[in-house]
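I have placed the structure first, in the form of structure tokens, so that the comments after it can refer back to it.
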Amino acid sequence: MHTALVYVRSILFLMAMLLALPAAASQNTLLILGDSLSAAYGVPSETAWVQLLRDRLDNNGLADWEVVNASISGETTDGGARRLPELIEENDPEVVIIELGGNDGLRGFPPNVIESNLASMIKQIQASGARAVLVGMQIPPNYGERYTQMFADIYPKLSDRYDTDLVPFFLDGIYNQDGLMQDDGIHPTEEAQHKLLENVWPVIRPILK
């Protein structure tokens, strides 16, 4: 009888200790759907802007956010729109950053097609209950003034239409600065990765509070 009583008391004590433990912090997911600019093309992955973002979240009391990088070099808005449903289902993100369109523009895809694909992604994200962040892009002026302007206008137009958060221009302060672009003139160098993060951070920081 005494042994049984000690056993019961031990079980009750263990249960009380477990109940007293702090609850594990819930994990939130930030999904990045991008192209080579977010896939660490030509730079070490540990110094790329997405990893710098992870480090900053950890250092700013936001370690409960998990960053899932679904970026692929060469990705287009069409490819992103086709991959997005599965990514949403697998990761159940609270926030999705869309960093796409640059490859479409460099290939001269019609602006209305690019806009339609981006709009499709935004609507999918919002229908899932997540928040969409659109990352604006621009293309070189040698594509002609009319096309380059129509392309640049896609992002603020969609942001206004669907009330999304907007990074005005991902390569702001980078594309025209010495030493911040790789020899191909398209991809930022390792030295530019912190600037990419600084261009995104003011937009996403209030969202992640």
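Note that the sequence shown covers residues -25 to -1, 1 to 184 in mature numbering (1 follows the signal peptide of the UniProt record, and there is no 0). Glycine residues also receive a C-beta, built at the ideal position from the N, C-alpha and C atoms.
Quick check: what's the CA-CA separation for residue i versus residue j?
i, j, result
"Ile7", "Gly119", "30 Å"
"Leu146", "Lys170", "8 Å"
"Trp24", "Asn78", "19 Å"
"Ile47", "Asn174", "20 Å"
"Thr52", "Arg180", "25 Å"
"Ser20", "Glu61", "24 Å"
"Ala105", "Val178", "16 Å"
"Gly17", "Gly36", "30 Å"
"Ile97", "Gly55", "11 Å"
Mind reading off the beta-carbon distance from residue i to residue j? Whole number of angstroms is fine, and I expect it under 8 Å.
i, j, result
"Gln99", "Ile149", "Rounded, the Cβ-Cβ distance is 29 Å, inconsistent with contact."
"Val110", "Glu74", "4 Å"
"Gly80", "Phe144", "The pair is not a contact, with the Cβ atoms about 13 Å apart (cut-off 8 Å)."
"Gln168", "Leu59", "Actually they do not touch by this definition, with Cβ atoms about 25 Å apart."
"Ala107", "Val142", "Rounded, the Cβ-Cβ distance is 12 Å, inconsistent with contact."
Is residue i helix, strand or coil by DSSP?
i, result
"residue 187", "Coverage of the chain is limited to positions -25 through 184, which leaves residue 187 absent and any answer about it impossible."
"Asn44", "strand"
"Ala15", "coil"
"Leu146", "coil"
"Arg180", "coil"
"Gln168", "helix"
"Asp135", "helix"
"Thr4", "strand"
With a CB to CB cut of under 7 Å and the five nearest residues on each side skipped, what residues in its chain are close to residue i?
i, result
"Gly154", "Thr164, Glu166"
"Lys184", "none"
"Gln2", "Asp39, Glu41"
"Ala(-1)", "Any answer about Ala(-1) is weak, because its pLDDT of 48 lies below 50 and its placement is not dependable; what the coordinates show is given next. Contacts found: Asp39."
If I measure Cβ to Cβ from residue i and keep anything under 6 Å in the same chain, skipping five residues before and after, which residues do I get?
i, result
"Gly76", "Thr52, Ile89, Met112"
"Asn66", "Thr4, Leu6, Val43"
"Gly83", "none"
By Cβ distance below 8 Å, which residues in the same chain neighbour residue i in space, the five residues on each side in sequence not counted?
i, result
"Ala94", "Leu133, Arg136, Tyr137"
"Gly49", "Asp10, Ser11, Asn78"
"Pro131", "Gly111, Leu141, Pro143"
> Would the region 85 to 93 and the region 157 to 173 be scored as touching if the rule is three or more Cβ pairs under 8 Å?
Replying inline: no
> Within the chosen definition, does the region 125 to 138 reach the region 94 to 110 through at least 3 CB pairs nearer than 8 Å?
Replying inline: yes
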